[in-house]
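These notes are about the structure you will find just below.
This is the structure:
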């Protein structure tokens, strides 16, 4: 199957997941018409603080680039990729995430791409800081920190629009 076929297949999978989600929500009693009206009034899907919270507490490090937050959502750090379970560096990256970030209150910032193929919300994760490495105007991006420490690599996709902090992440990987 060619590239075009793969893209169509992936789009079909996403569409199927969305339809299944709407059906499940309807079965569970969600009034989708009322919900869509509320989303529109709130400024759209991306403005929904239920789906895209601006502040959160990290409750668990899943691995070196994914966390769970206090509302139960799984957040994937945008623009980076850390080793997966069974790969070299997995334990080190996950342990660093657990030691540094568990229980921490953070700010979440979103970019053009809202979720990945596993349904995880994609975000830049920011922490308040005073004088730590990478601290700028009282904030530090944890995505950047994982790359800077060598615990994750920058991930960009040629066929996608440039990420807001793509250059910053690439600089962290080089230096």
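In our numbering, the protein residues as written are 585 to 759. Don't be surprised by glycine CBs; every beta carbon is placed ideally from N, CA and C.
Would you report the Cα separation of residue 668 and residue 755, rounded to the nearest angstrom? In the chain shown, residue 668 corresponds to position 84, counting from 1. In the chain shown, residue 755 corresponds to position 171, counting from 1. A straight-line Cα-Cα distance of about 23 Å links residue 668 and residue 755.
Beta-carbon proximity check, residue 677 vs residue 735, cutoff 7 Å: Stepping through the chain shown from its first residue, residue 677 is reached at position 93. Stepping through the chain shown from its first residue, residue 735 is reached at position 151. Yes, the Cβ-Cβ distance between residue 677 and residue 735 is below 7 Å.
By Cβ distance, which residues of its chain are closer than 7 Å to residue 682, with the 5 residues on each side in sequence left out? If you number the chain shown from 1, residue 682 lands on position 98. Closer than 7 Å at the Cβ level, and outside the excluded window around residue 682, lie 645.
Note down the Cα distance separating residue 603 from residue 730, rounded to an integer number of angstroms. Sequence index remark: in the chain shown, residue 603 carries index 19 (1-based). Sequence index remark: in the chain shown, residue 730 carries index 146 (1-based). About 35 Å.
Checking 7 Å against the spacing of the C-beta atoms, do residue 692 and residue 716 come in under that value? Walking along the chain shown from the start, residue 692 turns up at place 108. Walking along the chain shown from the start, residue 716 turns up at place 132. No, the pair does not count as a contact, with Cβ atoms beyond the cut-off.
Does the distance from the C-beta atom of residue 704 to that of residue 658 stay below 7 Å? Here residue 704 refers to the residue found at position 120 when the chain shown is read from its first residue. Here residue 658 refers to the residue found at position 74 when the chain shown is read from its first residue. Going by C-beta atoms, residue 704 is nearer than 7 Å to residue 658.
Taking a contact to mean a Cβ-Cβ separation below 7 Å, would you say residue 685 touches residue 642 in this structure? Locating residue 685 in the chain shown gives position 101, counting from the first residue. Locating residue 642 in the chain shown gives position 58, counting from the first residue. Cβ distance < 7 Å, so residue 685 and residue 642 count as in contact.
If we call anything under 7 Å between Cβ atoms a contact, is residue 695 one with residue 662? In the chain shown, the residue the question calls residue 695 occupies position 111. In the chain shown, the residue the question calls residue 662 occupies position 78. A contact, by the Cβ cut-off of 7 Å.
Integer-rounded CB distance, given that residue 649 should sit under 8 Å from residue 666: Translated into the one-based positions of the chain shown, residue 666 becomes position 82. Translated into the one-based positions of the chain shown, residue 649 becomes position 65. Correct: roughly 4 Å between the Cβ atoms.
Start-to-end residues for the beta strand (DSSP E) that takes in residue 707: Taking the chain shown and counting its residues from 1, the one referred to as residue 707 is at position 123. 705–712 is the extent of the beta strand (DSSP E) around residue 707.
Residues near residue 745 by beta carbon distance below 6 Å, same chain, minus five either side: To locate residue 745, count along the chain shown from 1; it is residue 161. Only 696 meet the Cβ criterion.
Whole angstroms is fine: what's the gap from residue 722's alpha carbon to residue 688's? Taking the chain shown and counting its residues from 1, the one referred to as residue 722 is at position 138. Taking the chain shown and counting its residues from 1, the one referred to as residue 688 is at position 104. Near 15 Å, if we compare the C-alpha coordinates of residue 688 and residue 722.
C-alpha gap between residue 611 and residue 656, whole angstroms: Taking the first residue of the chain shown as position 1, residue 611 is located at position 27. Taking the first residue of the chain shown as position 1, residue 656 is located at position 72. Rounded to whole angstroms, residue 611 to residue 656 spans 21 Å at the Cα level.
Which of helix, strand or coil does DSSP assign to residue 686? Residue mapping note: residue 686 aligns to position 102 of the chain shown, counting from 1. Residue 686 falls in the coil class under three-state DSSP.
CA-CA distance, residue 690 and residue 728? Taking the first residue of the chain shown as 1, we reach residue 690 at position 106. Taking the first residue of the chain shown as 1, we reach residue 728 at position 144. Distance between the alpha carbons of residue 690 and residue 728 is about 14 Å.
Which class does residue 696 belong to by DSSP, given the choice of helix, strand or coil? Taking the first residue of the chain shown as position 1, residue 696 is located at position 112. Residue 696 sits in coil when the DSSP states are folded into three classes, being neither helix nor strand.
Is it buried or exposed for residue 660, if we count other Cβ within 10 angstroms and need 16 for buried? Reading the chain shown from its first residue, position 76 is the one you call residue 660. Buried, by the Cβ-count rule.
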